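**Student:** As given, the protein sequences belong to chains Y and F, one line each in that order. Take the first sequence: its letter number 349 is residue 349 in our numbering, and every next letter is one higher. Take the second sequence: its letter number 140 is residue 494 in our numbering, and every next letter is one higher.
There are 2 protein chains.
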Amino acid sequence: MSSDRLLDDFNAGKSAALARVVSIVENHRDGFEAILGGLHSQTGRARRIGLTGPPGAGKSTITALLVKNFRDAGLKVGVIAVDPTSPFTGGALLGDRVRMENVALDPGVFIRSMATRGSLGGLAAATREVADVLDAFGFDRLLIETVGVGQSELDVARTADSTALILVPESGDSIQTLKAGVMEVADIFVVNKADRPGADRLRNDVELMLGLRKGVSFGSVPAHHGVDLKRMNPARLAREAAAAENPATWTPPVLSAVATKQEGISEMVAALDRHFAYLEQTGTLHARRRERMRERVTDVVERKVRDRLWKDSHTIAWLDEQLPSLEEGRSTPFAVADQLLRQSGELVRGEERQ
Amino acid sequence: MSSDRLLDDFNAGKSAALARVVSIVENHRDGFEAILGGLHSQTGRARRIGLTGPPGAGKSTITALLVKNFRDAGLKVGVIAVDPTSPFTGGALLGDRVRMENVALDPGVFIRSMATRGSLGGLAAATREVADVLDAFGFDRLLIETVGVGQSELDVARTADSTALILVPESGDSIQTLKAGVMEVADIFVVNKADRPGADRLRNDVELMLGLRKGVSFGSVPAHHGVDLKRMNPARLAREAAAAENPATWTPPVLSAVATKQEGISEMVAALDRHFAYLEQTGTLHARRRERMRERVTDVVERKVRDRLWKDSHTIAWLDEQLPSLEEGRSTPFAVADQLLRQSGELVRGEERQ
């Protein structure tokens with residue numbers, strides 16, 4: 001099928017064309033840049049929602065329920081799963097698989113799992129590009145599911161307009177480990193499995209941490225405190241008062257859910273809507289999307305440089321010749337890199353080798 | 355302190371100089387390339403051992419025990435923790451912290467935790483550079499601890515000569531999720547907390563998976579089988595026979611440990627020694643280290659390109675000017691990237707702007 005014909009079918013809303021375009025883009029097959037360039041002007045309409053959290057937090061179940069909720073509202077939904085523990089990517093229990101099949105048969109839903117390795121240009125760059133394809137196809141909501149542990153996964157979460165962090169009581173201690181980056185990225189916190197022991201404590205811990213994030217110190221208050229402290233948490237009260245008065249401040253809500261009982265999902269959808277309204281009203285949406293556009297360009301620039309340098313047989317052969325002197329300590333990686341770049345200006349510019 | 359004086363102190367084995375050099379290199383402070391270049395000829399002596407696995411697998415406890423074992427053998431040990439859940443990086447229980455302090459007071463041990471974000475050039479690149487510093491300082495063993503979940507973390511594991519994957523019975527189901535990349539990277543498997551229920555099943559699953567990895571199919575054998583199957587596992591028997599006859603084949607051993615009782619550590623050290631001997635005898639060590647050298651150069655080249663492009667105020671200003679037309683769909687990230695590169699040849703070459 002010609003590229004033009006493929007794009008015609010894509011623009012006519014044909015699912016088979018969508019699946020093919022996503023595959024071409026995800027795997028960087030020939031012509032993917034022309035396709036993405038052709039779709040570019042149609043992007044920017046979908047709301048991109050990131051879902052992140054530790055393995056076992058119930059991200060996939062919540063994703064499935066959000067899909068159902070959005071579908072009931074007449075919205076078309078694309079799902080990108082970059083979570084190796086997600087049933088969408090194959091790390092599934094049978095029960096989850098079966099549950100997702102109902103969703104998968106709906107033509108208003110498109111689910112794509114992304115490999116978490118092999119994307120030399122970076123997982124976040126690949127996710128941004130596949131999201132652009134789904135956006136251009138006309139999906140109203142994009143759900144991007146990622147496991148909130150590694151650096152690449154955090155970068156993926158940052159590609160969304162709104163990011164929800166899903167936690168469970170069992171992940172109590174791991175909150176300490178998440179805070180390094182994931183806490184800052186989250187616009188909405190969801191304590192899933194909220195009917196289990198430890199849910200209140202987890203909610204308290206998160207709220208306390210959000211208070212600390214605002215620079216309010218609690219002195220010697222121990223990390224694990226009773227429920228009473230929550231009520232008298234001055235940071236929380238101050239934030240709630242500020243939020244009520246000033247819509248320009250976003251207070252990340254800490255929601256509860258029991259996804260297996262379908263509880264808490266409509267509250268989550270409402271919070272996502274509130275956050276999107278906040279993003280729009282304050283100009284934050286425009287700023288975030290402009291930043292995303294800049295990242296799209298830098299992604300492409302860096303990928304082109306890598307392709308032009310490392311797919312050039314002369315450069316590779318030259319580098320091979322330098323390895324013995326590097327191994328023997330007669331040269332250094334820096335000297336070799338400098339020389340390589342001195343002789344690569346035309347290559348990087350995209351010009352033919354003379 | 356001048357750079358020369360710092361290197362003199364470093365070469366004289368002064369710990370304070372080591373700590374300063376590591377900081378300069380890790381944070382890419384002024385002069386870090388000159389320092390790394392100066393140390394380059396002294397690298398290649400330390401054995402680099404990667405320790406990876408899911409959070410809670412006991413990686414840090416095993417790291418501490420390995421440190422003790424190596425110290426008892428008179429070896430100097432450097433530890434690089436790139437695991438946000440590691441006590442070395444601050445995600446600690448008090449008990450772990452206290453346990454590590456004994457180790458930290460020993461001048462024959464150097465412990466460094468690396469931030470898991472902010473290293474634009476990539477965590478693996480930064481780890482390779484810090485490891486080079488420790489190698490040049492004269493440490494005999496480098497232990498590189500990383501959480502085996504994300505892509506960056508996997509890349510870090512690949513920087514080692516030998517990599518051990520630590521699993522626990524609790525991580526049983528997650529073996530499915532690990533296999534995508536971590537299984538392939540591991541030279542040694544350690545089932546920690548081997549006195550807990552499920553340890554035998556986990557060991558069986560790993561061995562079965564290793565058998566499958568060799569391309570032997572088990573037909574309809576279910577994933578969770580009885581212990582008897584292990585005994586009649588044809589792939590395992592075939593691999594063991596092959597390993598006994600042919601030292602050129604490495605069979606990843608599946609070891610057991612109860613780190614909290616200090617059990618299984620000497621077996622792990624012995625397996626690491628066997629693996630290193632295998633690497634040396636088969637020429638694999640030289641091949642792996644040559645590959646690492648090539649990666650060092652490509653790391654530096656790509657970082658230099660990024661620095662030269664994205665720290666150039668003219669380029670940034672020009673890119674800013676393109677954002678409106680990108681947002682309005684009049685231009686595409688690919689067209690902008692192409693133009694940016696066409697005008698950046700001299701910049702990438704490292705020449706002064708005219």
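Just so it is clear, CB atoms sit at the ideal spot from N, CA and C, and this is done for glycine as well. In this text, all values refer to a predicted model and were calculated from it rather than measured experimentally.
Enumerate in chain order the residues of its own chain whose CB-to-CB distance from alanine 12/Y is below 8 Å, with the five nearest sequence positions on each side excluded.
**Tutor:** Excluding residues within five positions, none has a Cβ falling inside 8 Å.
**Student:** Taking 8 Å as the threshold (beta carbon to beta carbon), is lysine 615/F in contact with chain Y?
**Tutor:** No, lysine 615/F lies away from the interface with chain Y (no Cβ there is under 8 Å from its Cβ).
**Student:** My output table needs one value for threonine 517/F: the three-state DSSP class, helix, strand or coil.
**Tutor:** In this structure, threonine 517/F counts as strand in the three-state DSSP scheme.
**Student:** Restricting to runs no shorter than 4 residues, where is the alpha helix (DSSP H) found entirely within the region 4-75 of chain Y?
**Tutor:** If we require 4 residues or more, the alpha helix (DSSP H) runs fully inside the region 4-75 of chain Y come out as 15-26, 32-39, 59-72.
**Student:** Should arginine 5/Y go down as buried or exposed, given a rule of 16 or more other Cβ atoms within 10 Å for buried?
**Tutor:** Exposed is the call here.
**Student:** Would a C-beta distance cut-off of 8 Å place lysine 547/F and alanine 553/F closer than the cut-off?
**Tutor:** Cβ atoms of lysine 547/F and alanine 553/F: closer than 8 Å.
**Student:** Using a Cβ-Cβ cut-off of 8 Å, state whether leucine 105/Y counts as contacting chain F.
**Tutor:** Taking Cβ atoms only, chain F never reaches closer than 8 Å to leucine 105/Y, which makes this a no.
**Student:** Just list the residues that DSSP pairs alanine 435/F with in beta bridges.
**Tutor:** The partner list for alanine 435/F (beta bridge, DSSP) reads Ser467/F, Glu499/F.
**Student:** Return helix, strand or coil for phenylalanine 688/F, following the three-state DSSP convention.
**Tutor:** Reduced to three states, the DSSP call for phenylalanine 688/F is helix.
**Student:** Less than 8 Å between CB atoms is the rule here; does tryptophan 672/F satisfy it with respect to chain Y?
**Tutor:** It does not: the Cβ of tryptophan 672/F has no partner Cβ on chain Y nearer than 8 Å.
**Student:** Using a beta-carbon distance below 8 Å, is glutamate 346/Y in contact with chain F?
**Tutor:** At least one chain F Cβ lies under 8 Å of glutamate 346/Y.
**Student:** Identify, in the order they occur along the chain, each residue of the same chain with its Cβ nearer than 6 Å to the Cβ of tyrosine 632/F, setting aside the five sequence neighbours on each side.
**Tutor:** For tyrosine 632/F, where only same-chain residues beyond five positions count, the Cβ hits under 6 Å are Trp604.
**Student:** Mind checking alanine 478/F: buried by the 16 CB within 10 Å criterion, or exposed?
**Tutor:** It counts as buried.
**Student:** Considering Cα atoms alone, identify which of Ala418/F, Gly412/F, Arg482/F is closest to valine 545/F.
**Tutor:** Here the closest residue by C-alpha is Gly412/F.
**Student:** What whole-angstrom Cβ distance do valine 348/Y and glycine 398/F have, given they're in contact under 8 Å?
**Tutor:** No, valine 348/Y and glycine 398/F are not in contact; Cβ-Cβ is about 31 Å, not under 8 Å.
**Student:** So what's valine 133/Y in DSSP terms, helix, strand or just coil?
**Tutor:** Three-state DSSP puts valine 133/Y in a helix.
**Student:** May I ask which residues mark the beginning and end of the beta strand (DSSP E) holding leucine 609/F?
**Tutor:** Segment 608-610, the beta strand (DSSP E) holding leucine 609/F.
**Student:** Got a sec? Which residues, its chain only, sit under 7 Å from threonine 63/Y by beta carbon, not counting five neighbours each side?
**Tutor:** Hits under 7 Å: Leu51, Val79, Leu143, Glu145.
**Student:** Does any CB atom of chain F fall closer than 8 Å to the CB of valine 185/Y?
**Tutor:** Judged by the 8 Å Cβ criterion, valine 185/Y is not in contact with chain F.
**Student:** Name the DSSP beta bridge partners of glutamate 263/Y, please?
**Tutor:** In DSSP, glutamate 263/Y forms a bridge with Val258/Y.
**Student:** Quick one: using the 10 Å Cβ neighbour count with 16 as the cut-off for buried, is leucine 342/Y buried or exposed?
**Tutor:** Looking at the sequence itself, residue 342/Y is arginine, so the reference to leucine does not match. That one is exposed.
**Student:** Using a beta-carbon distance cut-off of less than 8 Å, what residues from the region 639-656 of chain F approach chain Y?
**Tutor:** Within the region 639-656 of chain F, the qualifying residues are Arg643, Arg644, Met647, Arg648, Arg650, Val651, Thr652, Asp653, Val654, Val655, Glu656.
**Student:** Against lysine 658/F, what residues of chain Y qualify as contacts under a CB-to-CB distance less than 8 Å, listed in chain order?
**Tutor:** The contacting residues are Ala337, Asp338, Leu341.
**Student:** Where do the ends of the beta strand (DSSP E) carrying valine 191/Y lie?
**Tutor:** It spans 188-191 - the beta strand (DSSP E) in which valine 191/Y sits, taken as one unbroken run.
**Student:** Assign arginine 292/Y to buried or exposed, taking buried as 16 or more other Cβ atoms, counted over all protein chains shown, within 10 Å of its Cβ.
**Tutor:** By the neighbour-count rule (16 or more Cβ atoms within 10 Å), arginine 292/Y is buried.
**Student:** With 16 as the cutoff for other CB atoms within 10 Å, does threonine 517/F come out buried or exposed?
**Tutor:** So threonine 517/F ends up on the buried side.
**Student:** By DSSP, does glutamine 343/Y sit in helix, in strand, or in coil?
**Tutor:** It is coil, neither helix nor strand.
**Student:** Could you name the residues of the same chain whose beta carbon sits closer than 6 Å to that of isoleucine 265/Y, not counting the 5 residues immediately before and after it, in chain order?
**Tutor:** Around isoleucine 265/Y: Leu65, Asn69.
**Student:** Apply the 10 Å Cβ neighbour rule to glutamine 322/Y and answer buried if 16 or more other Cβ atoms are within range, or exposed otherwise.
**Tutor:** Under this definition glutamine 322/Y is a buried residue.
**Student:** Just the chain F side, please: which residues come within less than 8 Å of tryptophan 310/Y by C-beta, in chain order?
**Tutor:** Result: Thr652.
**Student:** Would you mind telling me which residues of chain F sit closer than 8 Å to leucine 208/Y, beta carbon to beta carbon, in chain order?
**Tutor:** Per Cβ cutoff of 8 Å: no residues; leucine 208/Y is ~17 Å from chain F at best.
**Student:** Whose CA, out of Val133/Y, Gly31/Y, Met114/Y, lies closest to the CA of phenylalanine 10/Y?
**Tutor:** Taking only the C-alpha atoms, the option nearest phenylalanine 10/Y is Val133/Y.
**Student:** Reducing DSSP to helix, strand and coil, say where alanine 548/F ends up.
**Tutor:** It is coil, neither helix nor strand.
**Student:** Can you tell me whether DSSP reads glycine 523/F as helix, strand or coil?
**Tutor:** The question names glycine, yet the displayed sequence has proline at residue 523/F. The answer is helix: DSSP assigns proline 523/F an H, G or I state.
**Student:** Quick check on this structure: which residue in Thr652/F, Asp674/F, Leu673/F has the alpha carbon closest to the alpha carbon of lysine 379/Y?
**Tutor:** There is no way to answer for residue 379/Y, as the model of chain Y reaches only from 1 to 354.
**Student:** Thinking just about the alpha-carbon of each residue, which of Leu429/F, Ser685/F, Arg550/F, Glu682/F is nearest to the one in threonine 614/F?
**Tutor:** Closest option to threonine 614/F, Cα to Cα, is Arg550/F.
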